[in-house]
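2 protein chains.
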Amino acid sequence: MTLQFTSEQRLDGEVLERGFTLGEIPGFLWTPASAAAPTPLILLGLPPLGLGRMYPRLLDRARSAVADGLAAATLELPGSGDRPRWPALDQARADLRRVMTAGEPVTEAIIDALTLPLVDRAAAEARTALDALLALPELTGPVGYSGGVISIGVRLAATEPRIAAAGLFAGSFVPRAILEEARRVTIPLHVLLQWDDEGNDRQAALDLFDAFGSAEKSLHANMGGHTGVPQHAGEDAASFFGRHLR
Amino acid sequence: MTLQFTSEQRLDGEVLERGFTLGEIPGFLWTPASAAAPTPLILLGLPPLGLGRMYPRLLDRARSAVADGLAAATLELPGSGDRPRWPALDQARADLRRVMTAGEPVTEAIIDALTLPLVDRAAAEARTALDALLALPELTGPVGYSGGVISIGVRLAATEPRIAAAGLFAGSFVPRAILEEARRVTIPLHVLLQWDDEGNDRQAALDLFDAFGSAEKSLHANMGGHTGVPQHAGEDAASFFGRHLR
Numbered sequence: 711m712t713l714q715f716t717s718e719q720r721l722d723g724e725v726l727e728r729g730f731t732l733g734e735i736p737g738f739l740w741t742p743a744s745a746a747a748p749t750p751l752i753l754l755g756l757p758p759l760g761l762g763r764m765y766p767r768l769l770d771r772a773r774s775a776v777a778d779g780l781a782a783a784t785l786e787l788p789g790s791g792d793r794p795r796w797p798a799l800d801q802a803r804a805d806l807r808r809v810m811t812a813g814e815p816v817t818e819a820i821i822d823a824l825t826l827p828l829v830d831r832a833a834a835e836a837r838t839a840l841d842a843l844l845a846l847p848e849l850t851g852p853v854g855y856s857g858g859v860i861s862i863g864v865r866l867a868a869t870e871p872r873i874a875a876a877g878l879f880a881g882s883f884v885p886r887a888i889l890e891e892a893r894r895v896t897i898p899l900h901v902l903l904q905w906d907d908e909g910n911d912r913q914a915a916l917d918l919f920d921a922f923g924s925a926e927k928s929l930h931a932n933m934g935g936h937t938g939v940p941q942h943a944g945e946d947a948a949s950f951f952g953r954h955l956r
Numbered sequence: 711m712t713l714q715f716t717s718e719q720r721l722d723g724e725v726l727e728r729g730f731t732l733g734e735i736p737g738f739l740w741t742p743a744s745a746a747a748p749t750p751l752i753l754l755g756l757p758p759l760g761l762g763r764m765y766p767r768l769l770d771r772a773r774s775a776v777a778d779g780l781a782a783a784t785l786e787l788p789g790s791g792d793r794p795r796w797p798a799l800d801q802a803r804a805d806l807r808r809v810m811t812a813g814e815p816v817t818e819a820i821i822d823a824l825t826l827p828l829v830d831r832a833a834a835e836a837r838t839a840l841d842a843l844l845a846l847p848e849l850t851g852p853v854g855y856s857g858g859v860i861s862i863g864v865r866l867a868a869t870e871p872r873i874a875a876a877g878l879f880a881g882s883f884v885p886r887a888i889l890e891e892a893r894r895v896t897i898p899l900h901v902l903l904q905w906d907d908e909g910n911d912r913q914a915a916l917d918l919f920d921a922f923g924s925a926e927k928s929l930h931a932n933m934g935g936h937t938g939v940p941q942h943a944g945e946d947a948a949s950f951f952g953r954h955l956r
């Protein structure tokens, strides 16, 4: 798939923001407006809410990465935003909403249907994006992966050798198969957990953290719900990537 | 009790270290060698290992506090170091060692005997130390409390109004009575947990974190045993005190 830049603007004279398409997939790349040497890259994962809706938060994180001497890029998830609908995924989401509204247990079958095909496809697309992005002269490894659907992060952390450090956000259901993949992760991890996240099972998040095979892993739990991550948590995550990518 | 300075030295031209006695209790105060205005204070809690044995680690933390524009002080625990033995406490420690060596369960009676009298006395002494230290023109509130026996930290965080923020290290048995006191804590908390701490019950530490009544509390879990706290964990704790004391 070919990477084509579709837009370009300078923000505050500090950040060069370029919209791109990778084949049919829209994305953004943020780099320092003036950098002497190639810059290590953080791939910003997305939740399945669409790039447009997430743009302001992504831009904050991209600005912070660039201020730390790093680049950031992100890619729309399959079935999200302006990309073609994915009927099987829509069906799995409808099933999830139905059982949660009814107060019924969320079965492993629903979690698997909701997650595993998405992980396969999104991780493959992230790899393709890395091929294209790292071919640009202004970018270099090592690569960090940050946020988004945690199961996609686990898959990439376990299997993509260009990713040297991952910041994960415990905020969604994790299939048993992904918990097994977590044991094979060995790169440094920085895991955020919102202690009172209404959409998250705290014990499942602690079990996932425990499962990671990494010798260096940190869990940072803060108060509040899914969108209430405090600013200092972002600063600690930035220090983590600074230690491992620069 | 009277505070008397017993020694004074400048370290690297940056830090003024003064040994003191508060009545019979030895301690140290570290302040910026040159500070224009009174400096907020972090009280460094001690484990029951004796000030002498802990001195190198305390000095590292004191240097870090001073580099951040704060002062640090510490006080020998009752029954520790060169202070008179405390037979009841020695007995409780011997009981703990006996059941742990035998692989028997550590009863609540042992945990209470080991902890509650120590908390009462050490917290009272910390208050007296704050009275004396904050009367010095070079020190001011707000005060932070950091480390040491976590139950003493909980008592002080719950009951000492001059303490505005506490960094606690989940690393020892916590009596049920202290877990109840934790619910009354409302100041910002930064809790460190060593995920594989051989001397610590992880679930008990998570329950304690959950119990704290504070609207702002963060749990930072890292890999490794009791003495394996990574350097970046210290840096995150320093940011926490910087946010709340400066």
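Top line first, the protein sequences correspond to chains P and L.
Its first residue numbered 711, the first sequence is counted upward by one per residue in my numbering.
Its first residue numbered 711, the second sequence is counted upward by one per residue in my numbering.
For every residue, glycine included, the Cβ atom is placed at its ideal position computed from N, Cα and C.
Cβ distance (whole Å) where residue i is taken to contact residue j below 8 Å
i	j	result
residue 865 of chain P	residue 833 of chain P	5 Å
residue 755 of chain P	residue 863 of chain P	6 Å
residue 828 of chain P	residue 788 of chain P	7 Å
residue 929 of chain P	residue 931 of chain L	4 Å
residue 737 of chain P	residue 785 of chain P	4 Å
residue 938 of chain L	residue 904 of chain L	6 Å
residue 933 of chain L	residue 906 of chain L	6 Å
residue 836 of chain P	residue 753 of chain P	6 Å
Chain P within 8 Å of residue i, Cβ atoms only
i	result
residue 910 of chain L	no
residue 949 of chain L	yes
residue 953 of chain L	yes
residue 848 of chain L	no
Residues near residue i by beta carbon distance below 7 Å, same chain, minus five either side
i	result
residue 970 of chain P	Past the boundaries of the shown model lies residue 970 of chain P; chain P is included only from 711 to 956, so the question cannot be answered.
residue 944 of chain P	774
residue 908 of chain P	935, 936
residue 748 of chain P	847, 848, 849, 850
residue 716 of chain L	729, 730, 731
Residues near residue i by beta carbon distance below 6 Å, same chain, minus five either side
i	result
residue 883 of chain P	821
residue 921 of chain P	889, 892, 893
residue 843 of chain L	783, 849
residue 927 of chain L	899
Chain L within 8 Å of residue i, Cβ atoms only
i	result
residue 778 of chain P	no
residue 945 of chain P	yes
residue 936 of chain P	no
8 Å CB neighbourhood of residue i in its chain, flanking five on each side removed
i	result
residue 810 of chain L	816
residue 724 of chain P	742, 743, 773, 776, 777
residue 831 of chain L	788
Cβ pair count under 8 Å reaching 3, the stretch 948-955 of chain P against the stretch 766-784 of chain P = yes
Stretch pair the stretch 851-871 of chain P + the stretch 880-896 of chain P: three plus CB contacts closer than 8 Å | yes
Please confirm if the stretch 799-816 of chain P is in contact with the stretch 835-855 of chain P, defined as three or more CB-CB distances below 8 Å between the two stretches.
-> no
Quick one: which residues of the stretch 920-934 of chain P get their C-beta closer than 9 Å to a C-beta of chain A? List them in chain order.
-> Looking at the structure shown, chain A is missing, and the protein chains on hand are P and L.
Cβ contact check for the stretch 726-745 of chain P and the stretch 803-823 of chain P: 3 or more pairs under 8 Å | no
Identify every run of the alpha helix (DSSP H) within the stretch 760-784 of chain P, keeping only runs that are complete inside it and at least 4 residues long; order them along the chain.
-> 761-777
Within the stretch 843-922 of chain P, ranges of the beta strand (DSSP E) (whole runs, at least 3 residues) | 849-857, 873-880, 899-904
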